[in-house]
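A short worksheet on the structure shown next.
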Amino acid sequence: MPWKLSSEFTFDSAHVITGYDGPCGRLHGHTYRVRMELSSEKLRPSAHVKRAIMVADFKTLKWAKKDVDAGGLDHAYLNDLPDLGDDTTAEVIAAYLHRRTMDRVRADLPEGDDGADLRLHVTLWETPESSCEYWE
Numbered sequence: 001m002p003w004k005l006s007s008e009f010t011f012d013s014a015h016v017i018t019g020y021d022g023p024c025g026r027l028h029g030h031t032y033r034v035r036m037e038l039s040s041e042k043l044r045p046s047a048h049v050k051r052a053i054m055v056a057d058f059k060t061l062k063w064a065k066k067d068v069d070a071g072g073l074d075h076a077y078l079n080d081l082p083d084l085g086d087d088t089t090a091e092v093i094a095a096y097l098h099r100r101t102m103d104r105v106r107a108d109l110p111e112g113d114d115g116a117d118l119r120l121h122v123t124l125w126e127t128p129e130s131s132c133e134y135w136e
């Protein structure tokens, strides 16, 4: 892939891993760190610039850092999210971030562009020492 767009950010959220036999089965929170890496073989326009000069807009990759009331994950109770529910492990959250981000990227594509060349790699740190990666 000739281009790779990378963005890192943090968000603070709380969750419970339902059925977990240990401390993670109780309400607790994390400052999650996320790295989004979006690769593309071509440049495209975005909602903010009509010329084909971007892989995607950085704003599209950083949606999750917004406050929960603005559609992000910051200060969210993750178990309240319908797509997560009781399954709020790092693995499930990383896949959720991937799915929701690709939905946003695809929504911004020009008509007739299926985005088949786009590849997203998500890394989610639950703690400074523990991370999970997800890609398709």
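So the sequence shown is residues 1 to 136, counted in UniProt numbering.
Yeah, the Cβ is synthetic: ideal placement off N, Cα and C, and Gly gets one too.
- Sorting Gly22, Arg33, Ala116, Ile53 by C-alpha distance to the C-alpha of Ile93 places Arg33 at the top.
- The criterion of a C-beta distance shorter than 8 Å is satisfied by Asp67 and Asp74.
- Residues of the same chain with a CB within less than 8 Å of the CB of Ala90, apart from the 5 flanking positions on each side, are Leu124, Glu126, Ser130, Ser131, Cys132 in chain order.
- Between Ile53 and the set Glu37, Arg26, Ala107, Leu5, the nearest pair of CA atoms involves Leu5.
- Here the alpha carbons of Pro128 and Lys50 stand approximately 39 Å from one another.
- One thing to note: Arg44 has its Cβ within 8 Å of the Cβ of Leu109.
- In this structure, DSSP gives Thr127 an extended state, which the three-state scheme calls strand.
- Restricting attention to Thr31, Gly112, Asp21, Met102, the CA atom closest to the CA of Lys65 is found in Thr31.
- In the three-state scheme derived from DSSP, where H, G and I count as helix and E and B as strand, Lys4 is classed as strand.
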